[in-house]
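Colleague:
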Amino acid sequence: MEVIHKIGRRKTAVARVYLAPGSGNITINKRDLKDYFTTGTLQYKVHQPLVMTENDKNFDVKVNVYGGGITGQAEAVRLALSRAMCEVDAENRAILKPEGLLTRDPRMVERKKFGQKKARKKFQFSKR
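Per the working numbering, residue 4 is the first one in the sequence shown, and the count goes up by one each step.
(1) Let me know the secondary structure DSSP gives Lys-37 once reduced to three states.
(2) Measuring straight from C-alpha to C-alpha, what distance separates Glu-57 and Asn-95?
(3) Assign Pro-52 to buried or exposed, taking buried as 16 or more other Cβ atoms, counted over all protein chains shown, within 10 Å of its Cβ.
(4) Classify Gly-27: buried if its beta carbon has 16 or more other beta carbons within 10 angstroms, exposed otherwise.
(5) Look at the alpha carbon of Arg-135 and the alpha carbon of Leu-105, and state the distance between them as a whole number of angstroms.
(6) Would you kindly check if the distance between the Cβ of Ile-7 and the Cβ of Ala-87 is under 7 Å?
(7) Helix or strand or just coil, what does DSSP make of Ala-16?
If you want it as structure tokens, here you go:
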């Protein structure tokens with residue numbers, strides 16, 4: 004089996020995942036998973052598709068991720084890994100789809116409008 008390459012996106016974060024047969028090592032931007040995503044919640048999000056499909060010890064994962072914040076990056080990695088798991092075995096789709104792991108979250112930051120303080124917040128109007 005050759006290396007599987009998939010892309011995941013969330014907000015402005017983009018993750019490229021390279022999946023190869025191995026022993027379960029996860030490397031993100033040439034750093035260990037626990038060094039890059041320090042909180043347990045973010046580590047859980049990254050592991051979720053691997054654990055649900057029972058492949059957490061079968062593959063080595065190499066990830067390049069950039070843009071956005073750490074939560075957006077973790078969710079981009081999760082989407083890319085979910086897509087890769089579907090490529091490995093088509094039956095994994097039935098496991099991941101009900102959990103919403105194959106859905107790209109379309110929510111983006113709304114742009115700031117001119118003449119306003121933020122995207123929706125206005126300047127205070129004083130009658131005086």
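For glycine and all other residues, C-beta sits at the position ideal for the given N, C-alpha and C.
Since the structure is predicted, the reported quantities are computational estimates derived from the model, not experimental observations.
Modeller: Taking the geometry as given:
(1) Residue mapping note: residue 37 aligns to position 34 of the sequence shown, counting from 1. Lys-37 falls in the helix class under three-state DSSP.
(2) Locating residue 57 in the sequence shown gives position 54, where the first residue counts as 1. Locating residue 95 in the sequence shown gives position 92, where the first residue counts as 1. One C-alpha to the other measures close to 10 Å.
(3) Translated into positions along the sequence shown, residue 52 becomes position 49. With 16 or more Cβ atoms within 10 Å of its Cβ, Pro-52 is classed as buried.
(4) The residue you call residue 27 lines up with position 24 of the sequence shown. Looking at its Cβ environment, which holds fewer than 16 other Cβ atoms inside 10 Å, Gly-27 is exposed.
(5) Look at the range of the chain in this structure, 4 to 131, and you will see that residue 135 is not part of it.
(6) Here residue 87 corresponds to residue number 84 of the sequence shown, with the count starting at 1. Here residue 7 corresponds to residue number 4 of the sequence shown, with the count starting at 1. For Ala-87 and Ile-7, yes; Cβs fall inside 7 Å.
(7) Here residue 16 refers to the residue found at position 13 when the sequence shown is read from its first residue. Strand at Ala-16.
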